[in-house]
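Quick notes on the structure that follows.
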Amino acid sequence: MGQDNIRNWVMNETNKTMVKILMGMALLSSLQATEAELDEKSKKPKLADRNTFYLGVGYQLSAINTSFSTESVDKSYFMTGNGFGVVLGGKFVAKTQAVEHVGFRYGLFYDQTFSSHKSYISTYGLEFSGLWDAFNSQKMFLGLEFGVGIAGATYMPGGAMHGIIAQNLGKENSLFQLLVKVGFRFGFFHNEITFGLKFPFIPNKRTEIVDGLSATTLWHRLPVAYFNYIYNF
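In terms of my numbering, the sequence shown has 209 at position 202, counting the first letter as 1, and numbering is strictly consecutive.
As structure tokens, this is what we get:
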């Protein structure tokens with residue numbers, strides 16, 4: 008009888024231990040499932056405005072004031088021009104909650120403007136823009152951009168309009184240019200539209216001796232309106 012009692016006690020204790028182990032495993036599994044569910048819920052969805060590389064093309068409308076002056080001649084002209092722009096670079100959008108509406112864009116750009124008077128301006132260089140999103144969801148975003156461009160600019164006056172300017176100073180004139188950009192932006196994941204104004208700050212002023220007289224030509228590009236389509240990869 009003593010051995011039977013011992014055997015029964017051992018079996019009972021073993022059964023109790025097995026039950027405790029099974030209950031512990033079930034509880035652990037439940038906790039793990041709950042934790043995984045909470046982690047999944049706590050993960051932020053992929054937003055429309057995000058880190059990516061981009062490529063864009065667009066339309067530009069600009070205007071230029073030009074003047075040519077000597078002791079005996081003083082001529083000034085105003086012309087408007089249409090053109091296109093190309094942009095290529097990368098975009099970074101902050102994921103920290105405190106600054107989740109802030110981003111940064113960097114890249115290369117090339118702008119080409121033509122006028123009805125056979126004059127053109129090419130502008131090319133680097134641009135850096137700060138981004139701010141007023142709204143950024145999984146499907147779309149809406150915000151502002153503030154940028155600066157460090158560039159070179161090449162001016163070619165056309166003979167049909169500029170007469171003596173083209174005759175005497177009609178060769179290519181290149182100079183350093185600084186641009187400030189302010190615009191609006193909105194997009195739907197891969198597709199983005201931006202539009203705004205670029206402000207060129209440095210006029211192209213050149214002085215030469217023409218027929219024994221000091222002659223000065225001045226090209227001053229006015230603010231440029233731009234409208235770009237950008238594809239975010």
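No residue lacks a Cβ here, since even glycine has one placed at the ideal position from N, Cα and C.
Bounding residues of the beta strand (DSSP E) (the contiguous stretch that carries A101):
Counting along the chain, A101 falls outside any beta strand (DSSP E), and DSSP gives it neither H nor E.
When we look at the beta-carbon of S83 and count the other beta-carbons within 10 Å, is it buried (16 or more) or exposed?
exposed
Give me the Cβ distance between K63 and Y236, rounded to the nearest whole Å; I'm assuming they're in contact under 8 Å.
According to the sequence provided, residue 63 is Gly. The question's Lys does not apply to it. For G63 against Y236, the beta-carbon gap comes to about 6 Å, under 8 Å, which counts as contact.
Measuring straight from C-alpha to C-alpha, what distance separates N72 and P210?
Cα-Cα distance, rounded: 10 Å.
In the DSSP assignment, find the beta strand (DSSP E) that holds N180 and state where it starts and stops.
180-195
With DSSP as the reference, label M163 as helix, strand or coil.
strand
Please return the same chain residues whose Cβ sits closer than 6 Å to the Cβ of L229, not counting the five positions on each side in sequence.
The residues are A70.
From V187, Y162, N58, residue whose alpha carbon lies closest to that of G203
Residue V187 is the option with its Cα nearest to G203.
In whole angstroms, give me the CA-to-CA distance for L151 and I128.
27 Å
Go ahead and label A141 buried or exposed: buried means 16 or more other beta carbons lie within 10 angstroms of its beta carbon, across all protein chains shown.
exposed
Count the other CB atoms, across all protein chains shown, that sit within 10 Å of the CB of Q145; report buried if there are 16 or more and exposed otherwise.
exposed
If distances are taken between C-alpha atoms only, which option among N180, S74, N143, F153 comes closest to G159?
N180
If I measure Cβ to Cβ from Y61 and keep anything under 8 Å in the same chain, skipping five residues before and after, which residues do I get?
So the list reads V94, L95, G96, G97, K98, R112, G114, E199, I237, Y238, N239, F240, once near-sequence residues are dropped.
Suppose only complete runs of 3+ residues qualify. What are the beta strand (DSSP E) ranges in the region 120-161, listed by chain order?
127-143
CB-CB under 6 Å to S74, same chain, minus the five flanking residues each way: which ones, in chain order?
S83, L225
Grab me the residues of F121's own chain with a C-beta within less than 7 Å of its C-beta, minus the 5 sequence neighbours each way, in chain order.
G88, N89, G90, Y127
What does the Cβ neighbour count give for S136, buried or exposed, with the cut at 16 atoms within 10 Å?
Label assigned to S136: buried.
At the level of alpha carbons, what is the spacing between T161 and Y131?
9 Å
Beta-bridge partners of T223, as assigned by DSSP:
S76, T214
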